[in-house]
Each structure stands twice: as C-alpha cells, then as structure tokens.
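Residue numbers 1 to 284, in the UniProt record's numbering, belong to the letters of the sequence shown in order.
Ideal Cβ positions, reconstructed from N, Cα and C, are used throughout, including at glycine.
Below is one structure; the comments refer to it alone.
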Amino acid sequence: MIESDRELSAMVQELWDNDVNRFKPGKDYRISLQGKAGDTMGINDNNDGAGYPLFTFVDENLFKKETFLAFISLLDNYVSDTGEPEIVTPEEVAENHKFLDSIIQSPTMKLAHKYLVEKHLSPKDETQFKEQLYRIWFELYARRGSSKPDSSGFEHVFVGETRGGRTVIGFHNWIQLYLQEKLGHIDYKGYSVNANSPQPDENKHILALQFSWKDGIKPKGSIFIGVSPEFEFALYTLCFLTSPNERVKVQFSFYDVEIVCHHYNQKHIGTTYPVLLKYRKPTE
C-alpha cells in the first residue's frame, strides 16, 4: 500500500470510528440479499435474482436525527433525467445550506475539515469551507450530451439520474434507495459479484447490486449501507480533494475498499462510490 493511501486509510478509520449516527445491521435495519442478479440489462427480463425488496426493516425513528432530516429534504429537489436543466429555487438553496450547516457540526466532518486544513486543501474558516463544499457538491454543471446545467455532484451520487429514460446513472446512496423502494419506484434485482469480489453479507456495510428505478436500469451499482450522510460526505470530499488520480484504495474496519472519485473540470464531483475489494478478518 502506498504511503498516501496508508495515511488516508488512517484518516478514514477515524471517520468510521466517529460515525456516531451509523445504523447497526440486524438491529437498526435488515436487508434481504436473495439471489445474484443476472448479467443481462433488460428491465423486464427473467434474470431477476430477487422476488422481494432489498430492505426488510429500517428504524425510521433514526431518520429524525438532524443530519438525516436535512439530507432527506434534498432528495426531492431534482429532475432525474439528464438533459433537463435544473431550476434551483431559493427554498432549495436554503435546504442545501441547512444540510451543510448540520453536517459541518458532526464529528466526522470536523475531522475531515481539520485534516484538509493541515494539508492546505481547504480553508480553515468554516464559512469558506462551506462555500468550498457547496461548489464541489451543489454547483450545477452540464453533464455529457447536455448544453445546459442539468446535474451536480450531489444529485448524481446521492439522488440518482436517468439518461435517455432507460439507464440509471449515479445513485449510490442507501437512504435514497430505501425511500424509493418503499414508494415502489425501485425493483431490486439481486446482488452483483464477479470472480474477484467477496461474497456479499447482510451484516456488512458495502453492497454491489442491480436494480431498476422508474423506467431505467442500474446494471451494477455499489453503495454503503447504514452509514450516515455526514460519513459519506466527509469520505468522498476527502478523496476528491486529496486524490487527483480518481481511484484510491483505503483500509478501515474489516474492509479493503477502492473509492472511485471522478472529477468534473477539477472543480466538481462527477461521480464517487465505494468498490469492495475484500473483507479482512479482525486481527487478534
């Protein structure tokens, strides 16, 4: 493991250890993995490896915590189809700021901010740091094939988008997945594995899966499950600002993970998500 990755791993471990709002698998939520997803991409195919929803239980009382409430309020602010310009209302701007205000006070984001200041990658002033976060995550840009600002890092990663009405892009957040599944908009098709990836586990916090959303299909997505919005926000912001190579390997808890983080014009997040490389048994 290269030195920069080792240092970042130590930082991510700190974020993990301080993610006080993380849901506990089997207690705060339960998922049902069922079968492996088929390899074909058709929306009505016979390769559906799951006849039932992914989530069998989520303790929604925990969504009343401040950062979760602020996060969930943002999920209905976007038009999913790329090519449709986003209109951001003053109310939505206020919701974005409220979300950033809430996560900046969380232990994980405070740790990330301190680290980024030490690396001269973020301003020490909290207001300026918030402006930096706003630019990275919420400033609109035109995604491929569009001439008008129709996307943002936040929309792509946390809310999800559709391209041409048939393909789901982005959509790497478990809360959005759960809420959309509850509304009947998601059809979970099963988990994804390849020759190199570990067998998924209902008590682990990272899952590769296939699902359809609205009229589009997500052939293979990868998400954290059960973590807080502030943990993901802190982790992805760290990777975006520290790793220009767009892929970084980190080790924390029982996980070896590659965080994929594509930049858009070096100013915004294009996409970012975790890829599980392996589980490590706890060392004695």
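DSSP-derived helix/strand/coil call for residue i
{"i": "K189", "result": "strand"}
{"i": "S9", "result": "helix"}
{"i": "G270", "result": "strand"}
{"i": "Y132", "result": "The question names Tyr, yet the displayed sequence has Gln at residue 132. Here Q132 sits in helix by DSSP."}
{"i": "D256", "result": "strand"}
{"i": "G226", "result": "coil"}
{"i": "H263", "result": "strand"}
{"i": "Y236", "result": "helix"}
{"i": "I169", "result": "strand"}
{"i": "I103", "result": "helix"}
{"i": "P200", "result": "coil"}
{"i": "V123", "result": "One detail in the question is off: residue 123 reads as Pro in this sequence, not Val. Here P123 sits in coil by DSSP."}
{"i": "K36", "result": "strand"}
{"i": "I43", "result": "The predicted model places I43 with a pLDDT of 49, which falls under 50 and marks its position as unreliable; any figure quoted below should be read in that light. DSSP places I43 in coil when its eight states are reduced to three."}
{"i": "P149", "result": "coil"}
{"i": "E86", "result": "coil"}
{"i": "L69", "result": "helix"}
{"i": "N96", "result": "helix"}
{"i": "V117", "result": "helix"}
{"i": "D17", "result": "helix"}
{"i": "L74", "result": "coil"}
{"i": "E284", "result": "In this prediction, E284 scores a pLDDT of 35, lower than 50, which makes its location untrustworthy; the coordinate-derived value is nonetheless stated afterwards. In this structure, E284 counts as coil in the three-state DSSP scheme."}
{"i": "L111", "result": "helix"}
{"i": "L241", "result": "helix"}
{"i": "L183", "result": "coil"}
Own chain residues within Cβ distance below 7 Å of residue i, not counting five before or after
{"i": "G216", "result": "T162, G165, R166, T167 and V168"}
{"i": "V275", "result": "S222, V257, E258 and V260"}
{"i": "S106", "result": "T67 and E230"}
{"i": "K98", "result": "A70"}
{"i": "K130", "result": "L100 and I104"}
{"i": "H120", "result": "none"}
{"i": "G160", "result": "S80, V168, G170, F171, Q176 and W213"}
{"i": "S192", "result": "A37, A208, L209, Q210 and K220"}
Supposed close pair residue i, residue j - CB separation, criterion 8 Å
{"i": "G51", "j": "G38", "result": "About 13 Å; that fails the 8 Å criterion."}
{"i": "E246", "j": "I31", "result": "Actually they are not in contact, since the Cβ atoms of E246 and I31 sit about 29 Å apart, beyond 8 Å."}
{"i": "A112", "j": "L15", "result": "7 Å"}
{"i": "F224", "j": "I206", "result": "6 Å"}
{"i": "Y29", "j": "F55", "result": "7 Å"}
{"i": "K36", "j": "G190", "result": "5 Å"}
{"i": "V58", "j": "Y178", "result": "6 Å"}
{"i": "V12", "j": "F171", "result": "At roughly 22 Å, the Cβ-Cβ gap does not stay under 8 Å, so V12 and F171 are not in contact."}
{"i": "L238", "j": "Y115", "result": "7 Å"}
{"i": "N18", "j": "T127", "result": "At roughly 23 Å, the Cβ-Cβ gap does not stay under 8 Å, so N18 and T127 are not in contact."}
{"i": "E86", "j": "L140", "result": "6 Å"}
Same chain, Cβ closer than 6 Å to residue i, neighbours up to 5 away in sequence not counted
{"i": "L69", "result": "none"}
{"i": "I43", "result": "In this predicted model, I43 has a pLDDT of only 49, less than 50, meaning its place in the structure is not dependable; the value taken from the coordinates is given anyway. The answer, listed in chain order, is S212 and I217."}
{"i": "E284", "result": "Unreliable placement is indicated for E284, whose pLDDT of 35 sits below 50; the coordinate value is still reported in the next sentence. Excluding sequence neighbours, E284 sits near nothing in its chain."}
{"i": "N173", "result": "F158"}
{"i": "N21", "result": "K65 and S228"}
{"i": "Q266", "result": "none"}
{"i": "R280", "result": "F254"}
{"i": "K249", "result": "D5 and E258"}
{"i": "F138", "result": "N96, S152 and F154"}
{"i": "Q180", "result": "I186"}
Residue i: CB within 8 Å of a non-hydrogen atom of the ligand SAM
{"i": "K98", "result": "Inclusion of the ligand SAM in the displayed structure is not the case, the ligand content being empty and no account of it being possible."}
Bridge partners - residue i, DSSP secondary structure assignment
{"i": "G216", "result": "W213"}
{"i": "F57", "result": "R30"}
{"i": "V248", "result": "I259"}
{"i": "Y52", "result": "BP columns for Y52 are empty, so no partner."}
{"i": "V275", "result": "E258"}
{"i": "N207", "result": "Checking the sequence shown, residue 207 turns out to be Leu, not Asn. Answer is I223, bridged to L207."}
{"i": "P25", "result": "Y29"}
{"i": "Y141", "result": "S151"}
Close beta carbons around residue i, own chain, < 8 Å, minus the five adjacent residues each side
{"i": "E95", "result": "A70, S73, L74 and N77"}
{"i": "F240", "result": "I136, C261, H263, I269 and T272"}
{"i": "Q132", "result": "S122 and P123"}
{"i": "G226", "result": "R22, F23, K24, P25, D28, Y29, W174 and H205"}
{"i": "A142", "result": "K148, P149, D150 and S151"}
Minimum Cβ-Cβ distance from residue i to chain D less than 9 Å
{"i": "V12", "result": "Given the protein chain composition of this structure (a single chain), no chain D is represented."}
ask   = Would you say the segment 139-159 touches the segment 191-203, given that touching needs at least three Cβ pairs under 8 Å?
value = Between the segment 139-159 and the segment 191-203, the count of Cβ pairs shorter than 8 Å is below three; the stretches do not touch.
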